[in-house]
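Numbering (the working numbering), first residue to last: 31 to 481.
We treat Cβ as the ideally placed atom computed from N, Cα and C, and that holds for glycine.
Quick caveat, the model's predicted, so the values are computed rather than measured.
For reference, the structure is listed below as structure tokens.
Okay, structure coming up:
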């Protein structure tokens, strides 16, 4: 006997200081049908941006020819299994990342202009001024349909005040998301705080009393929603029960990894510049942040996310892959082959972590596709050559199909000096958002849907 329970897309499991949103289930389809055409109307498109600092070794990033992606260069090899799910876009430029008479400060301008296409005001005071970023343009129009208009994540703590790059405020180097011309959206680097935000009750996620009560009982967040969970499982069909079980198992896995990260952080020296609860291991920290993006998309708590794998100008070391020198320092290589090799190794390491994100998105079934099929995820940097501080022919990759709105599996070359903001207009169209311009855009980018 087929159960005919109907669930709202906004169904929640509730407990003490806890709410757990659900993934898309067949029971949320009003026609109780799993046909692709009906489900397609229910599943939204998600937009994500992953930023890496200090540029890329472009010789190890750029495919030899335009057209179908076949053999990928060394930096991109970690995503080889997704070659049919990504597009490489060459020729895009952020002219407003250049000096334009303002002198040094390319790193600050690279991050500030990356999602805005705007030249930031050179100041290290309170009078910062930039543009509204593409993620916030989307959030302003579609963010009201979800619990959170957008989420902003990172893995490296940074200041928002003071001089971080040749007279430019730290707000420029440490944020790629801008709510308004004067309001950056600083990334949250503590996975525990993100977890509490996603799974705490509205208004209670930052309530220390509720968190302390859960901690005192030393229970999983899932223990507080057991009654709701059992009731829901009794009403679902077998496919939805399996989906719910897999989802809740994934939530518990994230929770355990956060707890392990907190334990490791507690053993570090107090002098380390790390917020409480942040894992010591960089890869584990990044993967947790990617997982939190996945679960936020899966449960439709937000459709828009930005993620900085490090702040712009970061001089983090990567001893775990045999690169003890600071990242930023190495990029000023002056054509030293050994330094170039080490930078390329860092670039590839970042891509390995991004590959994890794609695998997680692709592992979540939604209707007739996967979460990756219904997303568009941009990965890139505001600099191309970190040694010369170039802002043209930027490294840009877009993964996902935007529910049929993109046709990946190709390397596309555009004319030199094509504004990267043109790409943003095109991606916004896929979100159902249609501004006339953004930053220095001159029109939509062509060929993203060509077959």
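For residue i, does the three-state DSSP call read helix, strand or coil?
{"i": "residue 279", "result": "helix"}
{"i": "residue 193", "result": "strand"}
{"i": "residue 285", "result": "helix"}
{"i": "residue 182", "result": "strand"}
{"i": "residue 470", "result": "coil"}
{"i": "residue 337", "result": "strand"}
{"i": "residue 395", "result": "strand"}
{"i": "residue 109", "result": "helix"}
{"i": "residue 93", "result": "coil"}
{"i": "residue 44", "result": "strand"}
{"i": "residue 132", "result": "coil"}
{"i": "residue 230", "result": "strand"}
{"i": "residue 351", "result": "helix"}
{"i": "residue 483", "result": "The structure shown does not extend to residue 483, since the chain is modelled only from 31 to 481, so the question has no answer here."}
{"i": "residue 414", "result": "coil"}
{"i": "residue 456", "result": "helix"}
Going along the chain, which residues of its own chain have a beta-carbon closer than 7 Å to the beta-carbon of residue i, five neighbours each way excluded?
{"i": "residue 250", "result": "282 and 285"}
{"i": "residue 219", "result": "184, 185, 186, 187, 305 and 308"}
{"i": "residue 113", "result": "99, 102 and 439"}
{"i": "residue 173", "result": "179, 180 and 334"}
Note down, in chain order, each residue of its chain lying with its Cβ closer than 8 Å to the Cβ of residue i, except the 5 sequence neighbours on either side.
{"i": "residue 192", "result": "154, 199 and 200"}
{"i": "residue 123", "result": "421, 422, 423, 424, 446, 447, 448, 449 and 450"}
{"i": "residue 189", "result": "200 and 204"}
{"i": "residue 158", "result": "150, 151, 199, 201, 202, 212 and 214"}
{"i": "residue 455", "result": "465, 467, 468, 471, 473, 474 and 475"}
{"i": "residue 318", "result": "221, 284, 287, 288, 291 and 309"}
{"i": "residue 436", "result": "117, 406, 428, 430, 460, 478 and 479"}
May I ask you to list the residues that DSSP assigns as paired with residue i?
{"i": "residue 422", "result": "According to DSSP, residue 422 bridges with nothing at all."}
{"i": "residue 77", "result": "334 and 406"}
{"i": "residue 153", "result": "Bridge partners of residue 153: none, in fact."}
{"i": "residue 123", "result": "449"}
{"i": "residue 198", "result": "195"}
{"i": "residue 117", "result": "428 and 440"}
{"i": "residue 218", "result": "183"}
{"i": "residue 213", "result": "210"}
If we count the other Cβ atoms within 10 Å of its Cβ and call it buried at 16 or more, is residue i buried or exposed?
{"i": "residue 40", "result": "exposed"}
{"i": "residue 130", "result": "exposed"}
{"i": "residue 410", "result": "buried"}
{"i": "residue 207", "result": "buried"}
{"i": "residue 466", "result": "exposed"}
{"i": "residue 142", "result": "buried"}
{"i": "residue 418", "result": "exposed"}
{"i": "residue 182", "result": "buried"}
{"i": "residue 365", "result": "exposed"}
{"i": "residue 127", "result": "buried"}
{"i": "residue 100", "result": "exposed"}
{"i": "residue 357", "result": "buried"}
{"i": "residue 273", "result": "buried"}
{"i": "residue 226", "result": "buried"}
{"i": "residue 349", "result": "exposed"}
{"i": "residue 438", "result": "buried"}
{"i": "residue 38", "result": "exposed"}
{"i": "residue 275", "result": "exposed"}
{"i": "residue 396", "result": "buried"}
Between the options, which has its C-alpha nearest residue i's C-alpha?
{"i": "residue 135", "options": "149, 457, 450 and 122", "result": "149"}
{"i": "residue 171", "options": "400, 464 and 190", "result": "464"}
{"i": "residue 446", "options": "86, 391, 121 and 44", "result": "121"}
{"i": "residue 387", "options": "73, 290, 86 and 111", "result": "111"}
{"i": "residue 412", "options": "444, 368 and 339", "result": "339"}
{"i": "residue 470", "options": "288, 147, 127 and 83", "result": "147"}
{"i": "residue 341", "options": "51, 82 and 75", "result": "82"}
{"i": "residue 54", "options": "87, 382, 330 and 268", "result": "330"}
{"i": "residue 380", "options": "458, 315 and 221", "result": "315"}
{"i": "residue 72", "options": "85, 58 and 84", "result": "58"}
{"i": "residue 109", "options": "144, 392 and 452", "result": "392"}
{"i": "residue 343", "options": "84, 117, 50 and 255", "result": "84"}
{"i": "residue 119", "options": "140, 137, 132 and 94", "result": "94"}
{"i": "residue 376", "options": "36, 86, 114 and 50", "result": "86"}
{"i": "residue 162", "options": "176, 174, 175 and 145", "result": "145"}
{"i": "residue 44", "options": "160, 256 and 217", "result": "256"}
{"i": "residue 97", "options": "441, 458, 461 and 477", "result": "441"}
{"i": "residue 88", "options": "415, 453, 254 and 293", "result": "415"}
{"i": "residue 175", "options": "399, 327, 132 and 264", "result": "327"}
Here's a check: name, in chain order, each residue in its chain whose Cβ is nearer than 6 Å to the Cβ of residue i, leaving out the five neighbours to either side.
{"i": "residue 90", "result": "103, 104, 105 and 374"}
{"i": "residue 321", "result": "284"}
{"i": "residue 407", "result": "78, 429 and 430"}
{"i": "residue 363", "result": "369, 370 and 417"}
{"i": "residue 65", "result": "For residue 65, the predicted model reports a pLDDT of 42, less than 50, meaning its position is unreliable; a value from the coordinates is still stated below. There are no such residues."}
{"i": "residue 433", "result": "75 and 404"}
{"i": "residue 323", "result": "335"}
{"i": "residue 178", "result": "331 and 332"}
Following a CB-centred definition, is residue i positioned closer than 7 Å to any heavy atom of the ligand NAP?
{"i": "residue 383", "result": "Questions concerning the ligand NAP fall outside what the structure shown contains, since it holds no ligand whatsoever."}
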